[in-house]
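126 is the number of the first residue of the sequence shown in my numbering; add one for each residue after it.
Where is the CB? At the ideal position from N, CA and C, for every residue including glycine.
The next block holds one structure in the form of structure tokens; read it before the comments.
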Amino acid sequence: ILESTAAGDAGKVVFSFEFFPPKTEDGVENLFERMERMVAHDPTFCDITWGAGGTTAELTLEIARRMQNMVCVETMMHLTCTNMPVEKIDHALETIKKDGIQNVLALRGDPPRGQDKFVQIQGGFACALDLVEHIRKSYGDYFGIAVAGYPEAHPEVIESNGLATPEAYEKDLAYLKRKVDAGADVIVTQLFYDIPSEITAALEPIKDNEEAVRAYGVHLGTEMCKKIMASGIKTLHLYTLNMEKSALAILTNLGLIEESKISRPLPWRRPTNLFRV
Ligand code: FAD
């Protein structure tokens, strides 16, 4: 599925949605209700994040299982190396493999809370490259592997002026290529921003009006996607922050979905899996 996302059908723009694990049980149920409505618009895949430092490990695994087997959307799970000896990494990979999930976003992860630098734990990995190599060595081609890329360079190499030196940027890119050479299939980019003064000026008079700010955010997101598409990119990955309306409004503005034309009529019959549920 990731390969087809990477390639995209000629001329066809495809999209995907990222979600994060909510903090409460009610939040999880709300997320699944929204996700079902969003998935009805036929994203290529949906992914679920791995909480910083592994804090949501079991919940992420459970949400990924439900996404793949009950929402029936092609699912990608994020997996980081922070605080993860190889046994825990393998537990996570074996669990999703058992659940029929075949796509992983292999990440190093940020340093645990309160620490400035990422420190490799004993029996763990130093960087995402190690994780990609491990997955390929241990699981062959079973998993589609995505890795993170940084259009503005990774924060650790950005200087106080907000920019990376050309040398640091080159090094970042060369390292990204090593992740691809080690077996990554797809690169998912970090969020990137464009905050010129006209945006702050437009926000100033509406900053206390939540609805107006949201509408302006949808407008900005739409314009940014248009620029991305105009440059020839055919794969849009939306960091939804678990928000249904803004993500769908952007896709509607772009003409990629139509409210009246959902690809999967709701409610559809859930597939029954007698052995796993
Ligand atoms: P790496 O690919 O290991 O690289 C990190 C930095 O170190 C880069 O600057 C790289 O150039 C440098 N580097 C590392 N190893 C080498 C080497 N051998 N040689 C030279 N340079 C090297 N975090 C979470 O906790 N959970 C998530 O679910 C999550 N999802 C994310 C999704 C996306 C799409 C992105 C872009 C980031 C996500 N993050 C997540 C954040 C991510 O964990 C951090 O940005 C982290 O600091 C770096 O992870 P990475 O996989 O890019 O690390």
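DSSP-derived helix/strand/coil call for residue i
{"i": "residue 142", "result": "strand"}
{"i": "residue 368", "result": "coil"}
{"i": "residue 291", "result": "helix"}
{"i": "residue 151", "result": "helix"}
{"i": "residue 381", "result": "coil"}
{"i": "residue 221", "result": "helix"}
{"i": "residue 179", "result": "helix"}
{"i": "residue 187", "result": "helix"}
{"i": "residue 242", "result": "coil"}
{"i": "residue 250", "result": "coil"}
{"i": "residue 283", "result": "coil"}
{"i": "residue 209", "result": "coil"}
{"i": "residue 355", "result": "helix"}
{"i": "residue 167", "result": "coil"}
For residue j and residue i, the rounded distance between their alpha carbons
{"i": "residue 233", "j": "residue 167", "result": "30 Å"}
{"i": "residue 203", "j": "residue 213", "result": "14 Å"}
{"i": "residue 201", "j": "residue 308", "result": "16 Å"}
{"i": "residue 177", "j": "residue 207", "result": "8 Å"}
{"i": "residue 384", "j": "residue 373", "result": "9 Å"}
{"i": "residue 261", "j": "residue 270", "result": "9 Å"}
{"i": "residue 376", "j": "residue 187", "result": "28 Å"}
{"i": "residue 225", "j": "residue 298", "result": "32 Å"}
{"i": "residue 244", "j": "residue 256", "result": "15 Å"}
{"i": "residue 330", "j": "residue 319", "result": "19 Å"}
{"i": "residue 342", "j": "residue 221", "result": "35 Å"}
{"i": "residue 363", "j": "residue 335", "result": "21 Å"}
{"i": "residue 355", "j": "residue 349", "result": "10 Å"}
{"i": "residue 97", "j": "residue 361", "result": "Coverage of the chain is limited to positions 126 through 402, which leaves residue 97 absent and any answer about it impossible."}
Per DSSP, cross-strand counterpart(s) of residue i
{"i": "residue 274", "result": "314"}
{"i": "residue 269", "result": "228"}
{"i": "residue 173", "result": "144 and 202"}
{"i": "residue 362", "result": "141"}
Of the residues the options, the one placed nearest residue i, counting alpha carbons only
{"i": "residue 328", "options": "313, 312 and 345", "result": "345"}
{"i": "residue 183", "options": "206, 291, 217 and 205", "result": "217"}
{"i": "residue 275", "options": "379, 289 and 163", "result": "289"}
{"i": "residue 162", "options": "378, 321 and 370", "result": "370"}
{"i": "residue 236", "options": "229, 223 and 251", "result": "251"}
{"i": "residue 68", "options": "263, 181, 191 and 194", "result": "Lying outside 126 to 402, the shown extent of the chain, residue 68 is not represented and no answer is given."}
### Query
Which runs of the beta strand (DSSP E), 3 residues or longer, sit entirely within the segment 298-351?
You should have 311-314.
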